[in-house]
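Mapping to the numbering used here: the sequence shown position 121 is 173, numbers consecutive. The structure under discussion appears below in the form of structure tokens.
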Amino acid sequence: MATKKGEKNAISPMMAHRNELKEKYPDTILLYRLGDFYEMFFEDAIKASRILDLTLTGRDCGLEERAPMCGVPYHAVDSYIARLVAAGEKVAICEQLTAPGDQKGLLQRDVIRVITPGTNTIEDMLDGSVNHYLVAVAKFKNDYAVSALDIVTGEFIVKYFPDTTLSGCEDYLLGCAPSEIIAPMDICVESRSLLSVSTERLVKFTTYYDYSFDYDNGKSALLKQYSVFGLEALGLEDNKAVIGALGGLLDYVKSTQKRFLSHLSVPKLISSADEMYIDYNTRRNLELTETLSDGKKNGSLLWVLDRTKTGMGARMLHQWVLHPLHSVSEIEKRQSGVAELAKGSLTRSALGQALEPVRDLERLVTKISYGSIMPRDCNNLKDSLKQLPIIKKVLDKLHAEYFTELSADYYDFSELVALLERTIAPVNLPATLKDGGYIAVGCNAELDRLRSLGADSAKLISDFQERQRELTGVPSLKVGNNRVFGYYIEITNAKRPEVLPSDYVRRQTIANGERYVNSELLNLEREIFSATENALQLESEIYAELVKTLNEYVSRLKSIAAFIAKADCIYSLSLVAAENKYVRPKVTQGGMLNIIDGRHPVVEKLLKRNEFVPNDTALDKNNPVAILTGPNMAGKSTYIRQVALITLMAHIGSFVPATKAEIGLCDRIFTRVGASDNLIRGQSTFMVEMLEVANILNN
């Protein structure tokens with residue numbers, strides 16, 4: 053809120069500080085921590101109250117009118133942030149950096165993080181089975197590059213588009229299904245393509261500083277992030293568009309997250325030669341990951357293939373479906389793993405049971421990197437790592453090339469498991485660190501002593517009371533305490549001896565007696581009152597040291613997460629193959645497409661058993677085209693999709709629904725089935741159809 057001239061001096065110091073922060077983060081809703089609440093004021097309060105359905109109140113702030121205000125409790129803030137971000141808002145978190153009583157005057161506060169749709173890590177808001185990308189677009193001359201980062205998993209990729217227009221990147225942008233797109237102002241001014249993509253997909257679009265996408269800035273950001281002396285160490289080309297896209301994204305993440313993120317993977321340059329390309333329209337028409345009717349997974353190809361046990365496996369299989377392989381040797385490698393597990397039901401079952409307890413390690417690694425990992429997360433990490441030897445034992449029984457290669461990625465985490473078992477209490481863990489009680493008994497002798505002191509305070513006082521009774525000869529002497537005077541020794545006038553111990557000091561006179569203290573009681577009082585506070589402080593220090601140690605394992609934990617995901621994907625494909633009687637297709641370098649008794653994998657699952665009528669397909673270099681004719685609802689579209697899906701499944705290393713299949717290696721699949729208008733882009737149904745056909749013919 054901008055204050056009028058003359059009002060700046062009248063406004064309260066707290067509100068003045070809040071307004072200064074708001075000026076630094078004008079495009080955010082500022083959550084300002086005040087005690088146990090995050091408060092929002094002025095225009096932020098008005099907007100948030102509508103989105104969150106909060107009661108709008110007011111607060112005196114030194115101005116003539118009360119400041120509009122609403123707030124949310126700090127312990128439940130994540131759910132409110134999630135709703136604000138889901139509404140397309142950016143949220144700046146202003147935290148108290150000093151505790152009340154540590155200093156005079158205004159508490160020190162500052163923004164510790166800005167949460168945007170593309171940098172959101174709140175678990176309850178994110179589907180763990182898919183990636184959530186923050187995407188950046190950069191340009192150098194006629195070259196473009198698009199970088200994408202999943203901040204939850206740390207996956208970091210970039211694709212280069214030489215000598216093209218921005219519209220040439222549009223399909224790739226749509227395929228990334230970004231949560232947020234950032235781009236420099238010059239790109240935004242010259243093209244409406246980005247705006248149309250973001251509007252069509254309801255994606256947050258952010259214009260960011262032009263200089264952040266400069267080559268020099270990008271190079272500096274990359275070298276600093278990965279602690280290397282040259283781009284060669286990262287396997288990146290000295291490409292100005294690519295480096296600009298990576299640097300702009302890193303700069304944006306740094307400015308919003310305000311910390312070094314150790315879990316970000318080294319950027320991977322995506323090459324078109326490595327995979328079959330499937331454009332956005334084909335993904336939609338084939339319903340690879342979601343249906344056209346309701347945008348849900350149920351009824352898609354992924355719905356059939358995904359029987360994964362872990363979050364990492366689900367995300368990897370999702371990527372396999374969207375990015376099929378374009379290498380016969382790599383396809384055959386995956387097929388070898390599927391084949392061995394498909395025929396070994398006992399081994400397959402054992403692998404599934406071993407994978408099931410494993411939590412989402414990639415998300416746990418992100419929490420480590422953010423310093424937000426909780427004790428319960430630590431136990432989830434420990435329990436997951438304890439499954440590794442069991443998984444390894446199962447995989448050691450398998451001899452396919454896929455598993456032989458996979459075994460090289462295994463790590464032994466026995467030392468980390470032992471550390472977590474020594475440090476974190478096994479049960480009854482608190483929801484927050486401030487409650488204490490999360491460090492295991494026996495981890496630290498001083499902590500055990502402090503806890504014992506706090507827990508045994510009643511016995512300590514009782515023992516002290518007995519000693520004082522013996523010392524004074526007064527059986528009715530009692531030791532009590534109140535909030536004003538603390539602990540005291542009370543002796544009634546009727547029982548008071550003529551001579552009291554020399555260290556007794558009168559603290560209070562009451563109606564029927566006197567209350568005293570001595571040095572032993574004062575020391576005991578200090579120990580009891582400070583034991584809980586000191587125990588909490590010591591627990592915090594021990595836990596901080598543990599998190600620091602966990603950060604040293606981030607790279608290895610990311611690698612083992614990938615190890616588990618790869619095993620999980622093959623487990624899933626083998627289970628689906630065994631249950632549905634799929635066969636191993638032969639993938640060749642030739643142009644043949646020969647499918648005997650092919651079946652549509654999704655329609656087959658939706659129909660009752662044995663209701664689907666199989667179909668053959670025979671295409672080769674001499675007969676490369678098939679023309680289908682027939683009435684409406686005869687099954688033409690189903691047949692076209694069936695052939696495309698079987699071909700795609702073969703390219704991800706999956707078995708296929710047929711009795712026999714020989715499939716030539718493909719670099720692209722096109723499918724144009726049905727169309728509707730696109731009002732956002734001003735395109736009629738006919739125009740949409742013509743554009744899709746033109747795309748097929750041109751490519």
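In this text, a Cβ means the ideal position worked out from N, Cα and C, and glycines have one as well. Just so you know, these numbers come straight off a predicted model, no measurement behind them.
Identified DSSP bridge partners for residue i
{"i": "Ser199", "result": "Ala188 and Val210"}
{"i": "Lys530", "result": "Glu542"}
{"i": "Val163", "result": "Cys146"}
{"i": "Val635", "result": "Val708"}
{"i": "Phe89", "result": "Leu86 and Pro125"}
{"i": "Val557", "result": "Val569"}
{"i": "Asn667", "result": "Gly650"}
{"i": "Arg111", "result": "Ala119"}
{"i": "Tyr329", "result": "Arg720"}
{"i": "Lys256", "result": "Glu232"}
{"i": "Thr80", "result": "Lys142"}
{"i": "Leu645", "result": "Leu671 and Ile715"}
{"i": "Leu316", "result": "In the DSSP output, where bridge partners are listed per residue, Leu316 has none listed."}
Within 8 Å, strictly: CB atoms of residue i and residue j
{"i": "Thr205", "j": "Cys621", "result": "no"}
{"i": "Leu625", "j": "Gly705", "result": "yes"}
{"i": "Val635", "j": "Ser689", "result": "no"}
{"i": "Val531", "j": "Ile543", "result": "no"}
{"i": "Leu395", "j": "Tyr454", "result": "The identity of residue 395 in the sequence shown is Lys, whereas the question assumes Leu. Not closer than 8 Å, so no."}
{"i": "Gln694", "j": "Asn667", "result": "yes"}
{"i": "Val599", "j": "Ile425", "result": "yes"}
{"i": "Asp461", "j": "Phe265", "result": "no"}
{"i": "Val469", "j": "Leu512", "result": "no"}
{"i": "Arg165", "j": "Ile145", "result": "yes"}
{"i": "Leu369", "j": "Ser352", "result": "no"}
{"i": "Ala619", "j": "Ile443", "result": "yes"}
{"i": "Lys696", "j": "Ile721", "result": "The sequence shown places Ala at residue 696, rather than the Lys named in the question. Closer than 8 Å, so yes."}
{"i": "Tyr224", "j": "Val198", "result": "yes"}
{"i": "Ala235", "j": "Tyr260", "result": "yes"}
{"i": "Gly488", "j": "Glu591", "result": "yes"}
{"i": "Gln439", "j": "Val479", "result": "no"}
CB-CB length for residue i against residue j, believed under 8 Å
{"i": "Tyr84", "j": "Arg70", "result": "5 Å"}
{"i": "Ala293", "j": "Ala190", "result": "6 Å"}
{"i": "Asp412", "j": "Met364", "result": "6 Å"}
{"i": "Val318", "j": "Tyr278", "result": "6 Å"}
{"i": "Val569", "j": "Arg559", "result": "5 Å"}
{"i": "Asp215", "j": "Asp176", "result": "The Cβ separation is near 44 Å, so there is no contact."}
{"i": "Ile383", "j": "Val639", "result": "5 Å"}
{"i": "Thr168", "j": "Thr308", "result": "6 Å"}
{"i": "Leu338", "j": "Thr723", "result": "5 Å"}
{"i": "Val163", "j": "Pro230", "result": "Wrong, their Cβ atoms sit about 24 Å apart, outside the cutoff."}
{"i": "Arg474", "j": "Ala492", "result": "6 Å"}
{"i": "Arg548", "j": "Gly565", "result": "7 Å"}
Residue i in three-state terms, based on DSSP
{"i": "Ile594", "result": "helix"}
{"i": "Tyr623", "result": "helix"}
{"i": "Thr308", "result": "helix"}
{"i": "Asn337", "result": "helix"}
{"i": "Glu473", "result": "helix"}
{"i": "Val390", "result": "helix"}
{"i": "Ile692", "result": "helix"}
{"i": "Thr640", "result": "strand"}
{"i": "Ile322", "result": "strand"}
{"i": "Asp729", "result": "The predicted model places Asp729 with a pLDDT of 39, which falls under 50 and marks its position as unreliable, so this point remains unresolved."}
{"i": "Thr343", "result": "coil"}
{"i": "Arg70", "result": "helix"}
{"i": "Ala629", "result": "helix"}
{"i": "Glu289", "result": "coil"}
{"i": "Glu714", "result": "strand"}
{"i": "Ile63", "result": "coil"}
{"i": "Ile174", "result": "coil"}
{"i": "Ile425", "result": "coil"}
{"i": "Leu481", "result": "coil"}
{"i": "Leu369", "result": "helix"}
{"i": "Leu450", "result": "coil"}
{"i": "Ile679", "result": "coil"}
{"i": "Leu552", "result": "coil"}
Count Cβ pairs between the stretch 573 to 591 and the stretch 498 to 507 that sit closer than 8 Å; are there 3 or more?
Touching, yes.
Below 8 Å, how does it come out for the stretch 135 to 152 and the stretch 321 to 338: are there three or more Cβ pairs, yes or no?
no
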